[in-house]
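Accompanying notes for the structure given below.
There are 2 protein chains.
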Amino acid sequence: MSAAHTLQALHALSAVELARGVAAGAFTCEDVVRDCLARIAEREKITRAWTNFDPDKALAQARALDRSPSNAALRGVPVGVKDVLDTFDMPTEMGSPIYRGHRPSDDAAAVALSRAAGAVILGKTVTCEFAGQTPGATTNPHNPAHTPGGSSSGSAAAVADLMMPLAFGTQTGGSVLRPASFCGIVGYKPTFNTINRFGVKPASEALDTVGLMARDLDDIILFRAALLGLSATSLLSHKPRVGFCRTYLWDETATESRGAVEDAVKALRSAGVDVVDVALPVHFAEMRAAHRVIDCRDRAMAMAYEWAHHREGLSPALRDRLQEGCDIAHADYIAALRLGERCRSEMDSVFGACDILLAPTAKGEAPKGLDQTGDPNWQGFWTLLHVPALTLPTSKGPNNLPVGIQLLARRYDDERLLSSAKFVWETLTAKRH
Amino acid sequence: MSAAHTLQALHALSAVELARGVAAGAFTCEDVVRDCLARIAEREKITRAWTNFDPDKALAQARALDRSPSNAALRGVPVGVKDVLDTFDMPTEMGSPIYRGHRPSDDAAAVALSRAAGAVILGKTVTCEFAGQTPGATTNPHNPAHTPGGSSSGSAAAVADLMMPLAFGTQTGGSVLRPASFCGIVGYKPTFNTINRFGVKPASEALDTVGLMARDLDDIILFRAALLGLSATSLLSHKPRVGFCRTYLWDETATESRGAVEDAVKALRSAGVDVVDVALPVHFAEMRAAHRVIDCRDRAMAMAYEWAHHREGLSPALRDRLQEGCDIAHADYIAALRLGERCRSEMDSVFGACDILLAPTAKGEAPKGLDQTGDPNWQGFWTLLHVPALTLPTSKGPNNLPVGIQLLARRYDDERLLSSAKFVWETLTAKRH
Chain A
12 MSAAHTLQAL HALSAVELAR GVAAGAFTCE DVVRDCLARI AEREKITRAW
62 TNFDPDKALA QARALDRSPS NAALRGVPVG VKDVLDTFDM PTEMGSPIYR
112 GHRPSDDAAA VALSRAAGAV ILGKTVTCEF AGQTPGATTN PHNPAHTPGG
162 SSSGSAAAVA DLMMPLAFGT QTGGSVLRPA SFCGIVGYKP TFNTINRFGV
212 KPASEALDTV GLMARDLDDI ILFRAALLGL SATSLLSHKP RVGFCRTYLW
262 DETATESRGA VEDAVKALRS AGVDVVDVAL PVHFAEMRAA HRVIDCRDRA
312 MAMAYEWAHH REGLSPALRD RLQEGCDIAH ADYIAALRLG ERCRSEMDSV
362 FGACDILLAP TAKGEAPKGL DQTGDPNWQG FWTLLHVPAL TLPTSKGPNN
412 LPVGIQLLAR RYDDERLLSS AKFVWETLTA KRH
Chain B
12 MSAAHTLQAL HALSAVELAR GVAAGAFTCE DVVRDCLARI AEREKITRAW
62 TNFDPDKALA QARALDRSPS NAALRGVPVG VKDVLDTFDM PTEMGSPIYR
112 GHRPSDDAAA VALSRAAGAV ILGKTVTCEF AGQTPGATTN PHNPAHTPGG
162 SSSGSAAAVA DLMMPLAFGT QTGGSVLRPA SFCGIVGYKP TFNTINRFGV
212 KPASEALDTV GLMARDLDDI ILFRAALLGL SATSLLSHKP RVGFCRTYLW
262 DETATESRGA VEDAVKALRS AGVDVVDVAL PVHFAEMRAA HRVIDCRDRA
312 MAMAYEWAHH REGLSPALRD RLQEGCDIAH ADYIAALRLG ERCRSEMDSV
362 FGACDILLAP TAKGEAPKGL DQTGDPNWQG FWTLLHVPAL TLPTSKGPNN
412 LPVGIQLLAR RYDDERLLSS AKFVWETLTA KRH
């Protein structure tokens, strides 16, 4: 990425830089989009991040914005949209042949809100089938033999590959944080259901969260502010009290991910940050099974129409998952929901005096092969906890692929998460340079 | 209703009776649908419960079921669907000119699940504009000068008017319980988000719940069991410990609603039921304002597309409501969500030793006039509490219109609610006859 940055091409600029440049008249919205389109033309045959993508449509949006000046927060900033979010002017195919060419009548709320904030919807990015685990064709921009992660595969890969600065993902298990970590970008899953989910094909309404991806933390802050209508589009850095949370998966975590977290702890301590060990209650390990029960049962219910009419159009893996969901007893489903609520109610004492927790984002760097998207367990139980989660790309693995660290805050404490993350990011960046 | 019941017309039978009759070969699915269609033809010009309704399509479904015998729980039972739930074979217009003729590509999950259980989707019932407060043309079957309640107006009126035994509604404030009470039927709002909401146009995803309507409690139990895939489609009556909960609205509650609850308390005590007074904590009164904040803000976010593209197609009242939502600060929205969570966490101690609470369903009987649907406050805070709620038609008001009593249970305790309600219903019915 550093080489491209040196060129100062528009496509490599951050959303903050692009919005500022457009507002200052340094370049037009059309300039920005043209440059992103050129980058996509150059890289797409390797990265394969897009499922639907129409340069003329993107340019038309940019020209319309150039004709009607405004002070909208994202004016002229290109955004990629995971192909499970509806768009009124582009197909929404959900990574499934069942929905090939499907045209929704309207925009998902998150898409409409970003358009209202001046964003250019560049196109639809590759998703695993129905935001599940059956991958599309996207490759990891750092090494095309490795998975970009999923299910928000195309969004993560396109942002990492400098095709545009911002993208939407969704997370039910680990579908924002894991691909962001694998592709070396910043991924943010807000507190459950705080970015409106209308128009997102649901996997599990008890878990689904619209998330954001960018290369810079300040871009995440800007993007979030624009979607929520906040007046402040930036946040000050806040020195946090940090809980080092190995989680019940520590022994299964790869060396590079453990090292990334341990290095961050060391650097933060050197910077005078109070870092304490935080252990999750033992029964939190039961969330792994509970997450699976909720995910499978909710998917089976939400896809009752496809199950009845298009079963042959589902991948064998998804058919198995839906059958698993159909076979789950309602009482077991309720017990899983109750476990999630119980664990959520205990999070305040888990955090104690800490502002944020620091944990591995993923098991390790992106695994080799495009037939899977990596293990969602490192992200899934946090999703069930409904806490806001952020991954920062701080390290590299044995194959020189990116490795992230995960920061988490209490539910609804997203601004503390983001301002604390700024401090963490500044500290770790200062250390490395 | 009693006259029609005496005729033993199929349209006046309960879902349990219809399913049993079809299964026993006493009549065909087509017989059932024909009889419902005749009833609709007779009554619709007064009741105006339907927004989209195609006799041929309903008959075709019935004939298809007759050709392929099964032991599905709802085989041959006609169901009305509130017109905010998607149907692949009928328009879904959401009570708005913006969506006139709109054809979704698939069924809402609840619709698909009921079809999979053998139900006949009879048609789409009138909803207030986007399940809000701007009414459609439906009248109260007990007196066409009075509102049927809303927003599930057509579903409640059609069930009450013996057009079919079962209907879907949705409740964000009081949109299932209030029309059920006004029309003199049984309305059931399950624990939040336990009937899958995919394909329902959202008002507020933090509040929206798919609910069920029927004339008989056993029909609600059957309908719920079919949707959730439960093996037991009936429940035994359970003598509950009851909390008499006047709520913070008691002084604003009309005499007939207070009387209905007090009469029920007396009858239950006579039947040996332990009824204790239960008071809500004082700060629960703040839920009224919190509910409005969440409702307005979520609607504004979810309808960002309509706001951008079709503002002129919204009613003035809804435009005002969405503007109110746009003006709510994110911090105030989060504070409202937090208040809801806090109150939910206190419900266990509110219930104490009680199995269910008994409270007024609505302020009183259905008000006169079709330009409003009544006051949602008697139902709205319970919706924010996410508890399962049921209304039983036990009484009459000064205009001889129905008045219900509301039963509530702890979250996820829906089976206890329903089995307790059976005991309450049997006790009150025995008293009256």
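Residue numbers (the working numbering), protein chains in the order written: chain A, 12 to 444; chain B, 12 to 444.
Glycine residues also receive a C-beta, built at the ideal position from the N, C-alpha and C atoms.
In the three-state scheme derived from DSSP, where H, G and I count as helix and E and B as strand, PHE209/B is classed as coil. ALA347/A is the residue among SER431/A, SER166/A, ALA347/A whose C-alpha sits nearest the C-alpha of ARG303/A.
In terms of beta-carbon proximity, GLY240/B lines the interface with chain A, with at least one pair separated by less than 9 Å.
LEU48/B and ILE57/B have their C-alpha atoms some 15 Å from each other. At a cut-off of 9 Å between beta carbons, TRP318/A contacts chain B. Listed along the chain, the chain B residues whose CB falls inside 7 Å of the CB of ILE305/A amount to none; the nearest CB is some 11 Å away. For HIS302/B, no chain A residue has a Cβ inside 7 Å of its Cβ, as the nearest lies near 16 Å away.
Apart from sequence neighbours up to five positions away, the residues of its chain that approach LEU395/B with a beta-carbon distance below 6 Å are MET298, HIS302, GLY351, ordered along the chain. Residue-level contact by beta carbon fails for TYR199/A and chain B, as no gap is shorter than 9 Å.
Distance from LYS250/A to PHE434/A at the Cβ level is roughly 5 Å; contact confirmed, criterion being Cβ atoms closer than 8 Å. Beta-bridge partners of LYS433/A (DSSP): none assigned. In the same chain as ALA432/B, and ignoring 5 residues on each side of it, the C-beta atoms closer than 8 Å to its own belong to LEU228, ILE367, LEU401, LEU403, LEU418, in chain order. Taking every protein chain shown into account, the CB of ASN82/A has fewer than 16 other CB atoms within 10 angstroms, so this residue is exposed. Distances from the alpha-carbon of PRO146/A to those of PRO80/A, SER107/A, TYR259/A put SER107/A closest. Spatial neighbours of SER163/A in its own chain (CB-CB distance under 6 Å, excluding positions within 5 residues in sequence) are listed in chain order as LYS93, GLY180, SER186, VAL187, PRO190. Residue contact with chain B for PRO108/A: absent (no Cβ-Cβ distance below 9 Å to any residue of chain B). Distance from the CA atom of THR384/B to the CA atom of VAL197/B, rounded to whole angstroms, is 18 Å. Taking a contact as a CB-CB distance under 8 Å, the pair CYS194/A and PRO155/A does not count as one, their CB atoms being some 12 Å apart. Across the set ALA441/A, LEU428/A, GLY161/A, the C-alpha of LEU428/A shows the shortest separation from the C-alpha of VAL253/A.
Contact note: SER116/B reaches chain A through HIS113, using a C-beta cutoff of 7 Å and chain order. Per DSSP, the continuous alpha helix (DSSP H) segment holding SER164/A begins and ends at 164 to 171. DSSP, read as helix, strand or coil, puts PHE99/A in coil. Nearest Cα to GLY415/A within the set THR266/A, LEU21/A, ARG74/A: THR266/A. Here the alpha carbon of ASP117/B sits roughly 21 Å from the alpha carbon of GLU140/B.
Under a 10 Å Cβ-count criterion, THR264/B is classified as buried, with 16 or more other Cβ atoms of the shown protein chains found around its own Cβ.
Secondary structure in the stretch 312 to 376 of chain B: the beta strand (DSSP E) runs of 3 residues or longer, each lying completely within the stretch, are 367 to 371 in chain order. In the DSSP assignment, GLY222/A falls within the unbroken beta strand (DSSP E) covering 220 to 225.
ILE416/B: member of the beta strand (DSSP E) spanning 413 to 419, first to last residue. Contact annotation: GLY134/B and LYS68/B have beta-carbon atoms nearer than 9 Å.
ALA121/B and LEU238/B do touch by the CB rule: their CB atoms are close to 6 Å apart, below 8 Å.
Under the 9 Å criterion on CB atoms, ARG322/A is classed as non-interfacial with respect to chain B.
VAL137/A sits away from VAL88/A, with the two beta carbons spaced by 9 Å or more.
When only Cα atoms are considered, THR205/A and PRO80/A end up about 29 Å apart. Within 9 Å of the CB of SER356/B, the CB atoms of chain A belong to SER356, in sequence order along the chain. Using beta-carbon distances, PRO399/A does not count as an interface residue toward chain B, since no partner is under 9 Å.
At a Cβ-Cβ threshold of 9 Å, HIS397/B and PHE203/B count as neighbours.
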